[in-house]
Amino acid sequence: MSVEENNNDIPPIEPTPETPPTPETISEATNPSISSDKVKKKRSNSNPDPLLHMSVEVTTNNLEAFMVIDTVGMNFNEINQTEIYSYITNNTKLASDMVNFNAINDIMAEINKIKNGNSEETTVRMKICEGVPVVKGIDGWVKFYHPHNQRVVIRDDGKADYRNLDKYISIKKGEKIATVFQGVPGKQGKNVYGELLNPPSIKKPKVVIGSNINTDTVVAPEDPEKIFLEYTAATNGVLFTTDESINVSEQLNIGSSVGLTTGNVNYQGTVTVEGSIEEGSKVACTGALIVNENVESSDLEVGGDLAVKGGIKLKNKGVIKVKGNVSAKFIENTIIEVDGDVIIEGSILNSKIYCLGSVLLTGQNSAILGSEIIAFSSLSTFNLGSNAGVDVVVEMGYHFRNDRLFSELGNMIRNSEKELSNLIPQVQQMNNIIKQSRGKVDEARKTKYKNLIDTFKKKNDFHKKLINKYEELKTTRYNSEKINLIVKGAAFPGATIKYRRQVEKLSVMQTSFMMNFFHGQDHATMVAISDSGAKKPPA
852 MSVEENNNDI PPIEPTPETP PTPETISEAT NPSISSDKVK KKRSNSNPDP
902 LLHMSVEVTT NNLEAFMVID TVGMNFNEIN QTEIYSYITN NTKLASDMVN
952 FNAINDIMAE INKIKNGNSE ETTVRMKICE GVPVVKGIDG WVKFYHPHNQ
1002 RVVIRDDGKA DYRNLDKYIS IKKGEKIATV FQGVPGKQGK NVYGELLNPP
1052 SIKKPKVVIG SNINTDTVVA PEDPEKIFLE YTAATNGVLF TTDESINVSE
1102 QLNIGSSVGL TTGNVNYQGT VTVEGSIEEG SKVACTGALI VNENVESSDL
1152 EVGGDLAVKG GIKLKNKGVI KVKGNVSAKF IENTIIEVDG DVIIEGSILN
1202 SKIYCLGSVL LTGQNSAILG SEIIAFSSLS TFNLGSNAGV DVVVEMGYHF
1252 RNDRLFSELG NMIRNSEKEL SNLIPQVQQM NNIIKQSRGK VDEARKTKYK
1302 NLIDTFKKKN DFHKKLINKY EELKTTRYNS EKINLIVKGA AFPGATIKYR
1352 RQVEKLSVMQ TSFMMNFFHG QDHATMVAIS DSGAKKPPA
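According to the numbering used here, the stretch in the sequence shown is residues 852 to 1390, in order.
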């Protein structure tokens, strides 16, 4: 029976070369908006032309394309690699450089299996094209190693202490400030049509780098695409950071008064305050402290000079400590310890000054009133005391810090002597035990004896060091150099001048004089001076 006789009820469809089938008549699967599991194939299984049995399915993300051949009713003798290749290149929009044409051989192998009855399948479906997926990038980030937000400290009573706001962060040279990871950009992809696919944009941190910042580039050894920028301080200074900027200043400039609005200041370097240091505020710095107005707080520790354009006016509470020199217009109701010189334009009133340098009052009407001045070197003022007869004490050539240490060492020596006196009987007793046993003692006693001897030696050595230092301080408590006391105006009754064992308490006013002090003298005499500072015979 012939094929024509078997299909009398179905009119044959004979496609001609002049009217090649279009992709629309082949399959809707080439539409990228249609998923592979919902493809509706428009094909006639009764037409033997292989071309009409071919279609291409593309996944919804356009990254994969599958060749589909429905072999039912197809003339197996007319299909070959060339027909399949021609269909892919002429009847689809697939990018030729994305197509795996080697898959055609595998397709033909499956078709031959069906043709030879070696497969029960009737449809061949095989991937022929695969796109390149987009590689997503990695977002960048910034890690700060110091806070840049103000922090409020809550006290034990539950109240907030706004003065403890750490607004100014001190930083040392080489200290790490921030690490910036710029991120890794994503990589483009390509779909089966050859269209480029752009990856999503990554987040790139934007950090403005200010002055005194060192930058090091670090590449991750396990992934060279990951590059980190390490920022460190190029100098000692103060760190200013925001979410978008970092800066190190060698000098901290506070454009206002130090108080509730600024918080306390703790800085490794020089600090300049445009206003005043308000009462209750704390300032500690390793460099100089420059104050353009007044100092009203005693809670100051200055590693360099303290320069005050106004005055230092406290309430005799607390002690200001300065490693360098002090300069101001006046000092009032203040206790201050200064390692350098004290230079005052006006007066020192109701204060106690401990100075390891010289105390110099430079103004025409300068005066020391109701105060105690302890100076290791010289002192110069216009007036010493006043007509009111308020007591003023000036102690010359005296090292207050060494004297304190001298007193402390005296107490330590006495305690050390007590400890040694308690150990000596124990050592003697142990010596007697060893002699009586003629050296035959058990290990426990040997260990005990050794520990006792070691303890005694250490304490005895320490005791000797204390005594040596104590003897040294006996002399270093006082200045061995020649020093002067100069009063350009007048010294009033009630003023007391001390130098070692010398005590001169004035009962009558003395004008324009100088006293020279040196080690070994019995008594320093007053030598009259002229207004120009030249000596003149005493009155």
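Yeah, the Cβ is synthetic: ideal placement off N, Cα and C, and Gly gets one too.
Note to self: So for ARG1265, helix, strand or coil by DSSP?
What the structure shows: helix
Checklist line | Separation of ASN1049 from VAL1043, as counted between CA atoms | finding: 15 Å
Notebook entry, point to check: When the Cα of GLY1248 is compared with those of GLU1332, GLY1214, LYS1299, LYS1308, which residue comes out closest?
Noted result: GLU1332
Next item on the list: Determine the DSSP secondary structure at ASN898, reduced to helix, strand or coil.
Entry: coil
Check: If you draw a straight line from the C-alpha of LYS1160 to the C-alpha of ILE1128, how long is it?
Finding: 12 Å
Check: Got a sec? Which residues, its chain only, sit under 6 Å from LEU945 by beta carbon, not counting five neighbours each side?
Finding: ALA916, CYS980, VAL1043
Note to self: What does DSSP give as the partner residue(s) for ARG976 in the beta ladder?
What the structure shows: VAL919
Checklist line | Buried/exposed call for PRO899, threshold 16 Cβ in 10 Å | finding: buried
Margin query: Distance check for GLY1371 and LYS1308, CA to CA, integer angstroms please.
Written below: 39 Å
Checklist line | the region 1365-1379 / the region 1276-1288 touching (three or more Cβ pairs under 8 Å) | finding: no
Next item on the list: Measure how close the beta-carbons of THR1362 and GLY1340 come, nearest whole angstrom, since I'm counting them as under 8 Å.
Entry: 7 Å
Check: Does the Cβ-Cβ distance between LYS1164 and GLU1183 come in under 9 Å?
Finding: yes
Next item on the list: Have a look at PHE1079 and TYR1118 and give me their C-alpha separation to the nearest angstrom.
Entry: 29 Å
Check: Run through DSSP, which three-state label would GLU1073 get?
Finding: coil
Notebook entry, point to check: When DSSP labels each residue in this structure, what does ASN1282 get in the three-state scheme?
Noted result: helix
Check: What are the partner residues of GLY1353, as DSSP defines its beta bridges?
Finding: What sits at residue 1353 in the sequence shown is Gln, not Gly. GLN1353 is bridged by DSSP to TYR1350.
Notebook entry, point to check: Would you call the region 900-910 and the region 951-959 in contact, with 3 or more CB pairs under 8 Å?
Noted result: no
Check: From the DSSP output, which residues share a beta bridge with GLN1277?
Finding: In DSSP, GLN1277 forms no bridge with anything.
Item checked: Helix, strand or coil at MET1360 [DSSP, three-state] -> The answer is coil: DSSP assigns MET1360 none of H, G, I, E or B.
Next item on the list: Could you tell me the distance, in whole angstroms, from the CA atom of ALA973 to the CA atom of ASP921?
Entry: Per the sequence shown, the amino acid found at residue 973 is Thr instead of Ala. So the two alpha carbons sit approximately 6 Å from each other.
Notebook entry, point to check: How about GLN1033 and GLY1061: do their beta carbons lie closer than 9 Å?
Noted result: no
Next item on the list: From the DSSP output, read off the bridge partner residues of MET1366.
Entry: LEU1336, MET1377
Checklist line | Assigned exposure category for THR873 - 16 Cβ within 10 Å defines buried | finding: Because THR873 sits at a pLDDT of 39, beneath the cut-off of 50, its placement in the model cannot be relied upon, and the following sentence gives the value as read from the coordinates. That one is exposed.
Margin query: I need the straight-line Cα distance from ALA1218 to LEU1317, nearest angstrom please.
Written below: 41 Å
Next item on the list: Please determine, among VAL1245, GLY1126, GLY982, the residue with the shortest C-alpha to C-alpha distance to GLY1110.
Entry: Looking at the Cα atoms, GLY1126 is the closest of the given residues.
Note to self: Does the structure place the region 1189-1206 close enough to the region 1293-1310 that three or more beta carbon pairs sit under 8 Å?
What the structure shows: no
Check: With respect to the beta strand (DSSP E) encompassing GLU1223, which residues constitute its N-terminal and C-terminal limits?
Finding: 1223-1226
Note to self: Given a cut-off of 9 Å on the beta-carbon distance, is the pair SER1202 and SER1222 in contact?
What the structure shows: yes
Next item on the list: State the start and end residues of the unbroken beta strand (DSSP E) segment that holds PHE995.
Entry: 992-995
Notebook entry, point to check: Is GLU1355 closer than 9 Å to LYS1310 when the C-beta atoms are compared?
Noted result: no
Notebook entry, point to check: By how many angstroms is the C-alpha of GLY988 removed from the C-alpha of LYS1077?
Noted result: About 11 Å.
Check: Are LYS1041 and LEU1047 touching if we call contact CB-CB under 9 Å?
Finding: yes
Check: From ALA1239 to GLU1322, what distance separates their C-alpha atoms?
Finding: 43 Å
Item checked: For LYS1024 and VAL983, the rounded distance between their alpha carbons -> 49 Å
Notebook entry, point to check: In angstroms, rounded to a whole number, what distance separates the CA positions of GLU879 and ASP948?
Noted result: Residue placement at GLU879 is poorly supported in this model, since its pLDDT is 38, which falls under 50; the coordinates are not used for a value here.
Notebook entry, point to check: Considering only residues of the region 1189-1241, which uninterrupted beta strand (DSSP E) runs meet the minimum length of 3 residues and lie entirely inside it, listed in chain order?
Noted result: 1193-1195, 1198-1200, 1203-1206, 1210-1212, 1218-1220, 1223-1226, 1230-1235
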